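A.B. asks:
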Amino acid sequence: MGLAYNVYLTSNKIFGCKKCKTHLADYNDIISRNFRGQHGKAYLFNTVVNVTHSEPVDRNMTTGRHIVRDIFCRQCTELVGWKYDKAHETSEKYKEGKFILEEELLCVIGAPLVMKDPRSGTEDASKRTMETILSRQWES
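FYI, numbering that gives the first Met the number 0 numbers position 135 of the sequence shown as 134, with every residue one higher than the one before it.
Quick look at the structure:
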């Protein structure tokens, strides 16, 4: 089979796995913020990356019966949400093929910061500090 490589997103705000910080989705790709999961607030996305999924199961949810697959962080196998495979109600068909990520299971990752190396004047993204990243997240 071969090695699986993680996808690294390059947006200003990225949702990552709360446990291991693996990139999962671009904040700007949220379709809807009006969802609730087992752990509270959740977001609907067209696309997520770096996840694996369970076998499909028929689940009764607040909005009716759906066939869904739980999705897990590919890096640490932590549950992060689910994917809608099929909606039985006509009014819920728009969810098919889309993903839910639960806010409580996520962290927000800022874009890589680019700093100038004072000796050479060249940009060096590796010289960023955790304090700078965290302060930038809180400013947004």
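Quick reminder that beta carbons are idealized off the backbone N, C-alpha and C, glycines included.
Everything numeric in this text was worked out from a predicted model, so none of it was measured.
Assuming V79 and L105 form a contact by the criterion Cβ under 8 Å, report the distance between their Cβ atoms to the nearest whole angstrom.
C.D. replies: The residue you call residue 79 lines up with position 80 of the sequence shown. The residue you call residue 105 lines up with position 106 of the sequence shown. The Cβ separation is near 7 Å, so the contact holds.
A.B. asks: Contact between the segment 39-58 and the segment 69-84: three or more CB pairs below 8 Å?
C.D. replies: Touching, yes, given that three or more Cβ pairs across the two stretches are closer than 8 Å.
A.B. asks: For D57, which residues does DSSP report across the bridge?
C.D. replies: Reading the sequence shown from its first residue, position 58 is the one you call residue 57. DSSP output for D57 lists I66 as bridge partner(s).
A.B. asks: Based on the DSSP output, what are the partners of Y42 in its beta bridges?
C.D. replies: Position 43 of the sequence shown, counted from the first residue, corresponds to residue 42. DSSP output for Y42 lists L100 as bridge partner(s).
A.B. asks: Hey, quick one: how far does the beta strand (DSSP E) through L78 stretch, first residue to last?
C.D. replies: Numbered from 1 along the sequence shown, position 79 holds the residue referred to as residue 78. That run of the beta strand (DSSP E) goes L78 to A86.
A.B. asks: Is it right to say Q37 is buried, meaning 16 or more other beta carbons lie within 10 angstroms of its own, or is it exposed?
C.D. replies: Within the sequence shown, residue 37 is the residue found at index 38, counting from 1. Exposed is the label assigned to Q37, since fewer than 16 other Cβ atoms lie within 10 Å of its Cβ.
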